[in-house]
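Residue numbers (our numbering): 122 to 393. Have a look at the structure below before the remarks.
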């Protein structure tokens, strides 16, 4: 086995099979609780980013003052911001490592799910070489791939007569929506940054703000298009992982950049 398999694919496979055995060989429940456990395992890496975002939200007025003060001098603005972040213990780059790690884990999960969720049901032959001795399966072990309305070995799509392409299914749509909400919460200053960027002469501000805005929707769209071609077990992982990420972010920093959406929703609900 290569180093990637030993460090990531093998432990993740064993984790999934452990939950599979705990929950009475229900692979759907195994994926849900495995996703929750994985989210908690990554919490030590994501917590610093959430705390940093909370501090940035608290100190947003001071940051805006710095931008107005140095709006004509990009270099001084960067120096002033760096000094301010240092004084307040804010690390703007704290979110890079968690995101990179999540991408690496996601690639490993493609391998895990392709092994465990292959459609022929011959589970033991595919995964026993990756399992630690206490978790090895009987040679005739098979897996029940039905969960809710889905066969989780197949993409979560809806095929309608007359339509040349399938439509994303409910779990896949929910996975994308939770990612949008999560990304929106994690970008609490985008609207303020847009206003500040218009006041500066540097195009870098506009580019950075545009990138932050686009990322809110880029990953959810990738999720939908990728999910329409992979086993729906992966979509089940996405929706569970993203939902708990959203809950953790809300507890840490409130609604963040999603606040305008929440206010509009509250207004609509109150309107007779």
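Note that CB positions come from ideal geometry on N, CA and C, so glycine has one too.
Residue i, buried or exposed, once every other Cβ within 10 Å from all chains shown has been counted against 16
{"i": "residue 122", "result": "exposed"}
{"i": "residue 247", "result": "buried"}
{"i": "residue 188", "result": "buried"}
{"i": "residue 370", "result": "buried"}
{"i": "residue 124", "result": "exposed"}
{"i": "residue 222", "result": "exposed"}
{"i": "residue 261", "result": "exposed"}
{"i": "residue 145", "result": "exposed"}
{"i": "residue 277", "result": "buried"}
{"i": "residue 358", "result": "buried"}
{"i": "residue 302", "result": "buried"}
{"i": "residue 289", "result": "buried"}
{"i": "residue 183", "result": "exposed"}
{"i": "residue 366", "result": "buried"}
{"i": "residue 151", "result": "buried"}
Cβ shell of residue i (< 7 angstroms), same chain only, five flanking positions each side left out
{"i": "residue 388", "result": "none"}
{"i": "residue 275", "result": "352, 353"}
{"i": "residue 356", "result": "277, 292, 293, 296, 348"}
Range of the contiguous alpha helix (DSSP H) that encloses residue i
{"i": "residue 135", "result": "131-143"}
{"i": "residue 379", "result": "Premise fails: residue 379 is in no alpha helix (DSSP H) and is neither H nor E."}
{"i": "residue 160", "result": "148-162"}
Own chain residues within Cβ distance below 8 angstroms of residue i, not counting five before or after
{"i": "residue 148", "result": "141, 237, 238, 264, 265, 266, 268, 273, 354"}
Beta-carbon proximity list for residue i, same chain, < 6 angstroms, skipping 5 on both sides
{"i": "residue 193", "result": "none"}
* Any contact of the region 156-173 with the region 267-287, i.e. 3+ C-beta pairs under 8 angstroms? -> no
* To do: Examine the Cβ distances between the region 124-134 and the region 225-240 and report whether three or more of them are shorter than 8 angstroms.
  => yes
* Asked: Counting pairs of Cβ atoms below 8 angstroms between the region 276-288 and the region 151-164, do you hit three or more?
  -> no
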